[in-house]
Amino acid sequence: MDLVIGGIRIDPPLVLAPMAGVTNHAFRIMCKRAGGCGLVCTEMFSAYAIKFRDPGTKTMIDWTDEERPVCAQVFGGDPETVAIGAKALEDAGADIVDINMGCPVPKVVRSGSGAALLKDLPRAKDILVAAREAVSVPLTVKMRLGWKVGEMVAVDLAQIAEECGVNAVTVHGRFAVQTYSDRADWGAIAVVRKSVGIPVIANGDIGTPEDAVKALEITGCSGLMIGRAARGDPWIFQRISRYMTTGEKLPEPTPAERLRAAIAHAELLCRIHGERRAAKEMRGHLIHYIKGISGAAALRNRIMTTESMEELLQVLRDALARTGESTAVHTSADIE
Ligand SMILES: Cc1cc2nc3c(=O)[nH]c(=O)nc-3n(C[C@H](O)[C@H](O)[C@H](O)COP(=O)(O)O)c2cc1C
């Protein structure tokens, strides 16, 4: 299976999904260093924030060469603004620019952006024409199946995207109104895949190597995108990649491996964002890192009552010591 997006080979053909509040530099690096992840996506950038030079947005342009290729995602509801946003991301060094046409969050939809575009294909087309004109790096679109259950527009939108010179599309196999309910419909993704010549990346509910192989079989896609399953488990790409290529099932990470990764992740975040923000953000990640390890409930309560990063790290180090495995943490997770 070969995934090439506008001349950029994605190898392995496994993509870390864009996740707002999650896929910042620290998390992307964790996935990249764990291996198996061929492409990382940033959190979504607001084209409006870029246009009006919101200083907070600048701090999100945080990728390094180690992460490449990097796909930076932008959302916006009008062609001119999206073109400005896309161009800014290209100028900042993004290898691929992705347009968000799937986010159902009210704040995004209200501006006519994200999944709102599934209800207005002519405007979606205008946006793609403008974005295509604005950037010369490969351009992709991430979409859901449609807005309302049963009213699939992804085939039309994927065909429009192809006509506009978009290099690949990702399809999350749910409708916008479903948010995360029901199962992602991989069969519907197959219909989209068959309707276009550009690569289609399948997304939604790929949580295990077996899921990945099944999703590939059903969709016939040339790439897979993984989001929630990577939280607390940056090794998932490596396990999927190995299983897809050799059938070998790598072991799940041990509790000690999870805790060591959590510590490395926390230290990375601290270095980038400072202790306060790192401690806040890390609590969200830790729920996932400690899932399934014995005493997780007590550990979670303990984590939630910590008041500083130092205290948080100590709780993790104590938990790591209790596993009886090596407590050495590779802070090769260093950042240039
Ligand atoms: C916390 C969170 C934040 C997300 N943020 C974005 C985003 O910024 N842009 C986007 O296109 N999708 C976003 N998504 C959707 C994911 O990229 C993905 O399409 C969805 O989670 C389904 O894939 P999964 O089942 O592998 O998680 C987000 C999902 C989650 C859970």
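Here this note's numbering is used: the first residue of the sequence shown is 2, the next is one more, and so on.
Even for Gly, the Cβ is constructed at its ideal location relative to N, Cα and C.
### Task
Would you decide whether Pro256 is buried or exposed? Buried here means 16 or more other CB atoms lie within 10 Å of its CB.
With 16 or more other Cβ atoms within 10 Å, it is buried.
### Message
Just verifying my parser: in three-state terms, what is the DSSP assignment at Val172?
### Response
When secondary structure is reduced to three states using DSSP, Val172 falls in the strand class.
### Query
Counting pairs of beta carbons, one from the segment 65-77 and one from the segment 261-276, are three or more of them closer than 8 Å?
The segment 65-77 vs the segment 261-276: no contact.
#### Entry: Whole alpha helix (DSSP H) elements within the segment 158-227, 4-residue minimum
Complete alpha helix (DSSP H) runs here, min 4: 187-196 and 210-220.
### Task
With a cut-off of 8 Å on the beta carbons, I'd call Ile85 and Val142 a contact; round off their distance for me.
That belief does not hold up - the Cβ atoms of Ile85 and Val142 are roughly 18 Å apart, past 8 Å.
### Query
Under 7 Å between the Cβ atoms of Val83 and Ile128?
Going by C-beta atoms, Val83 is nearer than 7 Å to Ile128.
### Message
DSSP has Ala73 in a bridge; who is on the other side?
### Response
For Ala73, which the question treats as bridged, DSSP gives the partners Val98.
### Query
Among residues of its own chain, excluding the 5 on either side of Asp12, which ones have a beta-carbon nearer than 6 Å to its beta-carbon?
Around Asp12: Gly39.
### Query
Looking at C-alpha atoms only, which residue of Thr246, Leu225, Tyr244 and Gly285 is the closest neighbour of Val5?
For Val5, the nearest C-alpha among the options comes from Leu225.
### Query
What did DSSP end up calling Ile6 once you bin it into helix, strand or coil?
strand
### Task
Following the continuous alpha helix (DSSP H) through Glu312, name the residue where it begins and the one where it ends.
Met310 to Arg323
### Message
Please identify the residue among Ser309, Trp236, Leu251 and Pro56 whose C-alpha is closest to the C-alpha of Met31.
### Response
Trp236 is the residue among Ser309, Trp236, Leu251 and Pro56 whose C-alpha sits nearest the C-alpha of Met31.
### Query
DSSP on Gly103, reduced to helix/strand/coil?
coil
### Query
Can you tell which of Leu313, Leu217, Thr171 and Asp96 has its C-alpha closest to the C-alpha of Met2?
Leu217
### Task
Identify every run of the alpha helix (DSSP H) within the segment 227-302, keeping only runs that are complete inside it and at least 4 residues long; order them along the chain.
With a minimum length of 4 residues, the continuous alpha helix (DSSP H) runs that stay inside the segment 227-302 are 237-247, 256-274 and 276-290.
### Task
Could you work out which residue in Arg184, Glu311, Ile199 and Ile161 is closest to Pro139 when comparing CA atoms only?
Checked all of Arg184, Glu311, Ile199 and Ile161; the closest Cα to Pro139 is Ile199.
### Message
Give me the residue from Ile294, Pro252, Met310 and Ile51 with the minimum Cα distance to Ala279.
### Response
Met310
### Message
Does the distance between the C-beta of Gly365 and the nearest non-hydrogen atom of ligand 1 fall short of 6 Å?
### Response
With the chain covering 2 to 337 only, the question about residue 365 has no answer from this structure.
### Query
What did DSSP end up calling Lys149 once you bin it into helix, strand or coil?
coil
### Query
CA-CA distance, Arg184 and Gly205?
8 Å
### Message
Please report the distance separating the alpha-carbon of Glu326 from that of Val201.
### Response
Spanning the alpha carbons of Glu326 and Val201 requires a straight line of approximately 42 Å.
### Query
Quick one: what does DSSP say Phe28 is sitting in, helix, strand or coil?
helix
### Query
In three-state DSSP terms, what is Leu17?
strand
### Query
Any idea what DSSP makes of Glu44, helix, strand or coil?
strand
### Message
Taking contact to mean 3 or more Cβ pairs, one atom from each stretch, closer than 8 Å, check whether the segment 92-99 and the segment 145-154 are in contact.
### Response
no
### Buried versus exposed call for Gly293 [16 or more other C-beta atoms within 10 Å across all chains shown]
exposed
### Query
Considering only the beta carbon of each residue, do Ser114 and Gly78 sit closer than 7 Å?
yes
### Message
Looking at ligand 1, does it come within less than 6 Å of Pro105, judged from the CB to the closest heavy atom?
### Response
no
### Query
Can you tell me where the alpha helix (DSSP H) with Asp66 in it begins and where it stops?
Counting along the chain, Asp66 falls outside any alpha helix (DSSP H), and DSSP gives it neither H nor E.
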